[in-house]
Ligand code: 0O2
């Protein structure tokens, strides 16, 4: 059904995906600018790495169907907020919030939704700060507002999320074993959070020593 829709709407669909790609580039640049400026002021960089990803047509189709939305180009734009994804891996936990605040203070950025899975981790143990924001992209004859999902997390949160994501596909276990695996993963997420807290404390101590 979805591939049929795309065949009929190939030009508008391509156009829409290009807008998302442009918005992703804009967002990446915003964070590179913040990282550079922070580097000048504090002699260290708050961003370890940046990854961008465009949601595949396959997972777009699955998500629309799962949520009961119509399978059209307009429906993607209206209902799916994470077509464009930018993941910011930060060095220390406090950097997550410093960067998020700096982004949201920019006058061309509009916050649509904020989910703080650092303050309130998911049951799985997953931690990250998720922002859905709208930013403008400037085309030849118009300005368009495009939604981007930004995920901010530390190296340690990213380490856990990457490995948990890999392990999730290896499950086909009896219920009791699956529960034990889930408990162990949640426990590992707490251990990762503990590393972050200790690294942050060390960072704060060294910052104070320097003044
Ligand atoms: P991908 O390829 O990263 O996009 P929904 O987006 O509707 O499915 P919800 O509640 O709106 O779900 O979004 P949520 O849970 O706030 O954020 C979803 C994304 O966060 C996921 O994207 C993952 O990137 C990440 N995430 C959330 N929970 C977990 C978790 O327990 N483990 C890991 N490793 N990542 C998680 P997608 O759509 O799964 O994939």
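Residue numbers (the numbering used here): 64 to 274. Each residue gets a CB set at the ideal place from its N, CA and C atoms; glycine is no exception.
The ligand 0O2 heavy atom lying under 7 Å from the CB of residue i
i: residue 224; result: yes
i: residue 189; result: yes
i: residue 193; result: yes
i: residue 185; result: yes
i: residue 227; result: yes
i: residue 102; result: no
i: residue 250; result: no
Backbone CA spacing between residue i and residue j [nearest angstrom]
i: residue 216; j: residue 248; result: 17 Å
i: residue 146; j: residue 85; result: 12 Å
i: residue 233; j: residue 104; result: 45 Å
i: residue 169; j: residue 241; result: 44 Å
i: residue 143; j: residue 269; result: 43 Å
i: residue 83; j: residue 244; result: 37 Å
i: residue 220; j: residue 119; result: 24 Å
i: residue 256; j: residue 229; result: 20 Å
i: residue 196; j: residue 100; result: 22 Å
i: residue 204; j: residue 259; result: 46 Å
i: residue 96; j: residue 235; result: 44 Å
Same chain, Cβ closer than 8 Å to residue i, five either side skipped, listed in chain order
i: residue 94; result: 110, 113, 149, 151, 162, 166
i: residue 127; result: 65, 133, 134, 138, 139, 142, 143
Sequence-distant residues of its chain with Cβ nearer than 7 Å to residue i (five each side left out)
i: residue 263; result: 155, 156, 157
i: residue 79; result: 136, 139, 140
Integer Cβ distance of residue i from residue j, believed to fall under 8 Å
i: residue 194; j: residue 207; result: Wrong, their Cβ atoms sit about 19 Å apart, outside the cutoff.
i: residue 139; j: residue 117; result: About 12 Å separates the two Cβ atoms, so there is no contact after all.
i: residue 252; j: residue 189; result: 7 Å
i: residue 211; j: residue 87; result: 6 Å
Residues near residue i in its chain [Cβ-Cβ closer than 6 Å; skip 5 each side]
i: residue 227; result: 248
i: residue 199; result: 171, 206, 208
Residue-chain proximity (residue i, chain D), Cβ-Cβ < 8 Å
i: residue 144; result: Among the chains of the structure shown, chain D does not appear; only one protein chain is present.
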